[in-house]
Amino acid sequence: AEELSKAYFIQVIEDLIPWIEDRKEYFTDLDSAIGDGDHGINLSIGFREVASHLDEWKADNVAGLYKNVGKALLDKVGGSAGPLYGSFFMKFGVPVKKKGPDEGVTGDEFVEMMDKAISIIQKRGKSTTGEKTMNDTLMPALDALKAAHAAGDDIKTAMGKAVEAGKAGLESTRDMIATKGRAMRLGERAVGHLDPGAASTAEMLEIFYKDMPD
Ligand code: ADP
Ligand code: MG
Ligand code: MG
2 AEELSKAYFI
12 QVIEDLIPWI
22 EDRKEYFTDL
32 DSAIGDGDHG
42 INLSIGFREV
52 ASHLDEWKAD
62 NVAGLYKNVG
72 KALLDKVGGS
82 AGPLYGSFFM
92 KFGVPVKKKG
102 PDEGVTGDEF
112 VEMMDKAISI
122 IQKRGKSTTG
132 EKTMNDTLMP
142 ALDALKAAHA
152 AGDDIKTAMG
162 KAVEAGKAGL
172 ESTRDMIATK
182 GRAMRLGERA
192 VGHLDPGAAS
202 TAEMLEIFYK
212 DMPD
């Protein structure tokens, strides 16, 4: 049975647009402490571009919609996180690219989509966990999602566990020194600060969770 409708996937994008405007300053403040203070601004530039085209893209299938979102982020956002977010959205729909324009996806497919989307970040970023990046949120979240799904949890329950694992991963970045990204240059001085990309991706996953029907 289809557990997640096309409307769900549109809703997620519609909710990411105002979310980044609300949280822009917070992510930028985090980035001011250990980077160059633009993380919130970068994401806002990308999602404003998405907002200006979303209506045209809604008629596409889930894969087409997310590919357009990813392309917009890749085209419009500089720096590290923009292209990594862009790749995430580009890959997200690939496992369901053959679906019709109004088709939803199953729980199995959703897990595969998250797997593809999250895995591309390690490839593109040449990075993994323990380096004080968004991987510290995303990789434990993916592991939790897969484990819960394999154990038979429904997709919302499984995604709820992914969100919790992602938040724990985010917290773990506080004590890390960075070995990737701008915070690398700070060495020990980055300790005590959350990673901005880990923070934004934790909240993004929460939107994917909250929009799922009960
Ligand atoms: P920039 O650092 O170019 O100004 P942003 O401020 O938008 O870009 O994004 C910074 C975030 O990008 C970091 O907090 C980190 O989570 C993430 N990041 C940077 N480099 C990598 C990488 N190689 N792999 C994964 N994530 C990375
Ligand atoms: Mg930055
Ligand atoms: Mg920058």
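For what it's worth, UniProt numbering labels the leading residue of the sequence shown as 2, then goes sequentially. Every residue gets a Cβ at the ideal spot worked out from N, C-alpha and C, and that includes glycine. Note that the structure is a prediction, hence the values are computed from the model and not measured.
Query: Beta-ladder partner(s) of Leu-5, from DSSP; Result: Val-106
Query: Any 3 or more C-beta pairs closer than 8 Å across the stretch 27-40 and the stretch 182-201; Result: yes
Query: Three-pair Cβ contact test at 8 Å for the stretch 99-111 versus the stretch 126-145; Result: no
Query: Environment of His-40 [buried if 16+ CB atoms lie within 10 Å]; Result: buried
Query: Cβ distance (whole Å) where Gly-87 is taken to contact Met-114 below 8 Å; Result: About 16 Å separates the two Cβ atoms, so there is no contact after all.
Query: Neighbourhood of Ala-179 by C-beta, 6 Å cutoff - its chain only, sequence neighbours within 5 removed; Result: Lys-133, Met-185, Ala-191
Query: Spatially closest choice to Ala-118 from Asp-61, Asp-196, Ile-42, Thr-202, by CA coordinates; Result: Thr-202
Query: Gly-108 beta carbon less than 8 Å from that of Ala-73; Result: no
Query: Closer than 7 Å: Gly-80 CB and nearest ligand 3 heavy atom; Result: yes
Query: Collapsed DSSP secondary structure at Ile-178 in the structure displayed; Result: coil
Query: DSSP state of Gly-80 mapped onto helix, strand, coil; Result: coil
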